[in-house]
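Sequence lines, in order, name chains A and B. Taking the numbering used here, the leading residue of the first sequence gets 1, the next gets one more, and so forth. Taking the numbering used here, the leading residue of the second sequence gets 1001, the next gets one more, and so forth. Just so you know, even glycine gets a beta-carbon here, dropped at the ideal spot from N, CA and C. Every value quoted in this text rests on a predicted model; they were computed, and no experiment measured them.
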Amino acid sequence: MKVSFKVNGKSETVEVSSDTPLLWVLRDTLGYTGTKFGCGKALCGACTVHLNGRAVRSCQTQIGSIAGSDVTTIEGLGGNHKVQRAWEALDVPQCGYCQPGQMMSASALLSTNKNPSDEDIDAFMSGNLCRCGTYPRIRAAIKAAAKMS
Amino acid sequence: MEKIVKNEARRDFLKVSGSAAGGLALAFYMPTARMAQAADGGSPNAWVKIAADNTVTIMVARSEMGQDVYTSMPMLVAEELEVDINAVQVEFAPPAEVYINSLLGGQLTGGSTAVRDGWEKLRKAGASARMMLVAAAADNWGVDASKCSAANGMVKGPGGKKATYGSVAAKASTMEVPKEVPLKPASQFKVVGKTKQKRLDTAMKVRGTAGFGIDTVVPGMKYAAVAMPPMMGGSLISYDDARAKKMPGVHSVVQYSRGVAVVANDYWTAKKAVATLDPQWDAGPNADLDMTSLWSKMEDASNGAGAVFRESGNADQGLAQADKMITAEYRLPFQSHAPLEPQNTTAHVTADKAVIITPTQFQQLVPHVVAGATGLKPEQVEVQTTFLGGGFGRRVEVDYCIDAAEISQAAGVPVKMVWSREDDMTHDSYRPAGIYKLTAGVDANGKLQALKFKSTSPSISSRLFPSIVKDGVDPFAVEGIDNFPYLADAGMNFSYVMHDTGVQVGYWRGVSHNLNAVALECFIDELAKNAGADPIQYRIDMLDMGSTKHAWSGLSAGVPVGARMKTVLEEVKKKSRFGKKMPAGKGQGVAVMEGYNTVIAIVAEVTVDSTMDVTVDKVTAVVDGGTLIHPDQALAQIQGSINFGQGAGMISEITVKNGTVQQDNFDGYRAVRINETPRVMDVHFVKSDGAPGGLGEPATAVIVPALANAIHAASGKRVRTFPALPENVAAG
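Pasting the structure below:
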């Protein structure tokens, strides 16, 4: 089927089977490889993107269900988003593979909660796995980003 | 150097030479065609390329899997090359003889060796290149090189003469390679040890542009999804490709050595088509394997004789004469590497060439195994290393590179093979499980007099590097214990029972430190408790201050460790306020270890609730890692290792039923999440000008006994079966 939607503000139309996860449309069809595949079951958060401003796991979002939606990926965060600046200032990434998903979750958290507590961070970020163990810096970077304009 | 033996069993490729001083020597045959690549352009040597436009490129010959080699290794080159580290380009090196890791004998990333191996080598490479650039400029000017100097990518000569590196690079590469290469003293370091140095790969990692293996795209590329036997040792009997072949977008269905693959225009189509294949499997020799029988057989094996790998005095007599005997047995489970980027490789195999683009820790081996699988020659195989989305030892294995090459060859197109998480988790080479039996004889004051330590676990090296296994001892099964740091005057005896369980095992971050040191440091805590002593002071009082004995684990051999252990223990006592009064249900625990020439003491603080559920509240670590090249990332490695080790110690476990791994994703195999990690992690480094130690692995082991000992302090329960899930704590 043909599906039209926006990625990072740009209109896209793709022709794929309607059950294709948004993750693979982004990565294979449209070339937005910043969004990562980790588990395929919404268990690790590596594929997190924004759908109409909300964080979703793109591996569990069928393309047929999102016609007309606005999707934002790590590429669309712009590079100068306060979360990216904080991540860079604290050198959060190690291998870096989970970090696009971490930042998409963190930016969604900060869009609704300007000053998240440790408990808020735990609750919102626990769906994003990091095998390298960058958690202390993720926590610190979210707090640093919260203080940025 | 010995040549590779291409075995008929195609996954057994290596012929390995014996040990050499200071490390394990794994000697490989190198395909010589690759070597020339390293030194093209204006390259004074294989580590540095300087373009006419002054672009400086530094080659990184280790794989970047998070541990910072992309920055720390160029820092070493830049220190002596006299260039701005933040302006250099970084390239991953192809397989070549010059890039062999001399601590391991192969071009291999592992064993926390990258910086230790590079410490002198890379500074000398930078210095040698700088000297050749200076010599070239001096020659142009007709002055003596000793009248010239270099700074910030520029050669300066008498009378204000200046030449950029780019302007003399081509000539420099023709100058004589200096034989004597003096290095600057630590007091003059400008790059090494710089506390504010940023990682060179952060900018691309926060923008999503860093190229991992899974992000590879080549012209004409198709996508492959696979079906592999779910049972360990199983094989494919049949499959039905009728439905798959009719699906739009499917290119082909191909059988390969260990399974069947669908090659399609996109991954999702390939994945859906694989699900229609209805593969039938022969369960193979492990069809009945489950944990009950596995542990039972291992227990039986542990009652037999082991290979003694360290001994002094007469342990049996010492035990017989002791005032009291204390025994304990610990069991540690299998673990999966589970790097977040599932295994994948992009392969393009044609009649006379193969291009393999892959996230690998062992690029040197890839040409050989791909040649073995495809009928090409190793020198016809080009390997490109990408960023690795985690490694932890999983990508020392090259199985997935072989699979992708076979699929590309069979399909006749370039193929990106991507494993599902389920493929990855059920086709790992797992961290060995093991049984650890310790017996101590103590005097009336609880002081250790005699010790027997017996481990029973599978051998990793018997499969991967069989010739380093000698007299029944795998050097990678006795780490963290053959360097036993305490005194037991009446005698000690350490033995290892090599026991194959049918589960394929592999090198997992920290390797056997994560087994032996866990058991040992838990046991020492039991001895301290028996003595009624402060567990830190108890350890300090019995430290062996003589030279260390590493009979086997060469990766950390040869350095006195007693004094360094004393320092980190004393420091961690202060920093953690060890022994402070803790509320009910809370406790502190300590552990210490030397591994990879790094000495670490950790104090963990936990809360244990009435259901025996454990919360990790705080971790304090004191680390003597010698000279720190990139201090902030040394810190990051300790932080990350503490998180990683906590998962293994507390919640993660691989089990087997009917020969099949029962955990196939992050629901069954729990990896530690942010809400489970300590809110406070306080890491201190001992100021040291000693040789750099390895930092990527040792803390993964030390955190586990620190947590277990804290659990005891909080609850009175000894964790003897790991991970420390509530049922295992309750049983203690």
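query = Is it the case that the Cβ atoms of VAL1056/B and VAL1088/B are separated by a distance below 8 Å?
reply = For VAL1056/B and VAL1088/B, yes; Cβs fall inside 8 Å.
request  = Name, in chain order, the residues that DSSP records as bridge partners for PHE5/A.
outcome  = For PHE5/A, DSSP records a beta bridge to GLU12/A.
key: Span of the alpha helix (DSSP H), counted from its first residue to its last, around LYS1194/B   = Premise fails: LYS1194/B is in no alpha helix (DSSP H) and is neither H nor E.
Local conformation of THR1350/B per DSSP, three classes = Correct three-state label for THR1350/B: coil.
request  = Rounded to whole angstroms, what's the CA-CA distance from MET1582/B to ASP1534/B? Just pull it up for me.
outcome  = Those two C-alpha atoms are separated by around 15 Å.
inquiry  = In this structure, how does DSSP classify GLY101/A when only helix, strand and coil are distinguished?
reply    = In the structure shown, GLY101/A adopts helical secondary structure according to DSSP, grouped into three states.
task = Rank GLU1570/B, LYS1470/B, ASP1053/B and ALA1433/B by C-alpha distance to the C-alpha of VAL1592/B and give the top, closest one.
result = Ranking GLU1570/B, LYS1470/B, ASP1053/B and ALA1433/B by CA distance to the CA of VAL1592/B puts GLU1570/B first.
request  = Could you check if SER1043/B is buried or exposed, using at least 16 other CB atoms within 10 Å of its CB as the buried criterion?
outcome  = Answer is buried; the Cβ neighbour count reaches 16.
ask   = Given MET1247/B, which residues of its chain have a CB within under 6 Å of its CB, disregarding the five upstream and five downstream residues?
value = ALA1273.
task = State the Cα-Cα distance for the pair PHE1309/B and VAL1134/B, rounded to the nearest angstrom.
result = Annotation: PHE1309/B to VAL1134/B spans about 52 Å, alpha carbon to alpha carbon.
query = Quick check: the region 53 to 72 of chain A against the region 22 to 34 of chain A, are there 3 or more CB pairs under 8 Å?
reply = Judged by Cβ distances under 8 Å, the region 53 to 72 of chain A makes contact with the region 22 to 34 of chain A, as three or more pairs qualify.
query = What residue ranges within the region 67 to 100 of chain A form continuous alpha helix (DSSP H) runs of no fewer than 4 residues, ordered along the chain?
reply = As far as the region 67 to 100 of chain A is concerned, its whole alpha helix (DSSP H) runs of at least 4 residues are 82 to 89.
key: Cα-Cα separation, SER1063/B to LYS1580/B   = If you draw a straight line from the Cα of SER1063/B to the Cα of LYS1580/B, it is about 43 Å long.
query = If you draw a straight line from the C-alpha of PRO1414/B to the C-alpha of PRO1094/B, how long is it?
reply = About 20 Å.
request  = Kindly identify the DSSP beta-bridge partner or partners of GLN1255/B.
outcome  = Listed as beta-bridge partners of GLN1255/B by DSSP are VAL1260/B.
PHE1212/B, DSSP secondary structure in three states = Correct three-state label for PHE1212/B: strand.
query = Could you give the distance in angstroms between the alpha-carbon of GLY1106/B and the alpha-carbon of GLN1364/B?
reply = If you draw a straight line from the Cα of GLY1106/B to the Cα of GLN1364/B, it comes to about 7 Å.
key: GLN60/A: contacting residues in chain B (beta-carbon distance under 9 Å)   = Neighbours of GLN60/A in chain B, taken as residues at a C-beta separation under 9 Å, are lacking, since the least C-beta distance is about 13 Å.
Contiguous alpha helix (DSSP H) assignments of at least 4 residues, all confined to the region 1315 to 1359 of chain B = 1315 to 1321, all fully within the region 1315 to 1359 of chain B.
query = With a cut-off of 8 Å, does the C-beta of LEU110/A fall near any C-beta of chain B?
reply = Between LEU110/A and chain B, the shortest Cβ-Cβ separation is not below 8 Å.
ask   = For THR1032/B and chain A, any beta-carbon pair shorter than 8 Å?
value = Note on THR1032/B: pLDDT 35, under 50, position unreliable in the model; no value is reported.
query = Of the choices LEU1487/B, ALA1450/B and ASN1514/B, whose alpha-carbon is the least far from that of VAL1478/B?
reply = Out of LEU1487/B, ALA1450/B and ASN1514/B, ASN1514/B has the C-alpha closest to the C-alpha of VAL1478/B.
query = Given a threshold of 16 other Cβ atoms within 10 Å of its Cβ, counted over all protein chains shown, does PRO1185/B qualify as buried or as exposed?
reply = Counting every other CB atom within 10 Å of its CB across the protein chains shown gives PRO1185/B a total below 16, marking it as exposed.
ask   = Are the beta-carbon atoms belonging to VAL1623/B and ALA1706/B less than 8 Å from one another?
value = Contact: no.
message = Can you find the residues in the same chain that come closer than 6 Å, C-beta to C-beta, to ILE1402/B, ignoring five residues on each side of it along the sequence?
response = Only VAL1369 and ALA1373 meet the Cβ criterion.
ask   = Is ASP1399/B helix, strand or coil when you go by DSSP?
value = In this structure, ASP1399/B counts as helix in the three-state DSSP scheme.
inquiry  = Under 8 Å, Cβ to Cβ, is there at least one residue of chain B near MET103/A?
reply    = Chain B has a Cβ within less than 8 Å of the Cβ of MET103/A.
message = Going by DSSP, what residue range makes up the beta strand (DSSP E) through PHE1092/B?
response = Per DSSP, the continuous beta strand (DSSP E) segment holding PHE1092/B begins and ends at 1089 to 1092.
message = I want to see whether chain B comes within less than 8 Å of ILE121/A, judged by CB atoms only; does it?
response = For ILE121/A, the answer is yes, since a Cβ of chain B falls inside 8 Å of its Cβ.
inquiry  = Quick check: what's the CA-CA separation for PRO1485/B versus PRO1631/B?
reply    = A direct Cα-to-Cα measurement between PRO1485/B and PRO1631/B gives close to 27 Å.
request  = Quick one: using the 10 Å Cβ neighbour count with 16 as the cut-off for buried, is VAL1218/B buried or exposed?
outcome  = Result: exposed.
task = Keeping to the same chain, check which residues put their C-beta closer than 8 Å to that of THR1386/B; ignore five residues upstream and five downstream.
result = Taken in chain order, the residues that qualify are PHE1092, GLY1211, PHE1212, GLY1213, ASP1215, THR1216, ILE1357, THR1358 and PRO1359.
Rounded straight-line distance, which links the Cα of ASP1423/B to that of MET1228/B = Their Cα atoms are separated by approximately 7 Å.
message = Do ASN1344/B and GLY1166/B have their beta-carbon atoms positioned less than 8 Å apart in this structure?
response = Not in contact: GLY1166/B and ASN1344/B (Cβ atoms no closer than 8 Å).
task = For THR13/A, decide whether its Cβ has a neighbour in chain B, counting only Cβ atoms nearer than 8 Å.
result = For THR13/A, the closest Cβ of chain B is not nearer than 8 Å.
Cβ shell of ASN113/A (< 7 Å), same chain only, five flanking positions each side left out = Only ASP120 meet the Cβ criterion.
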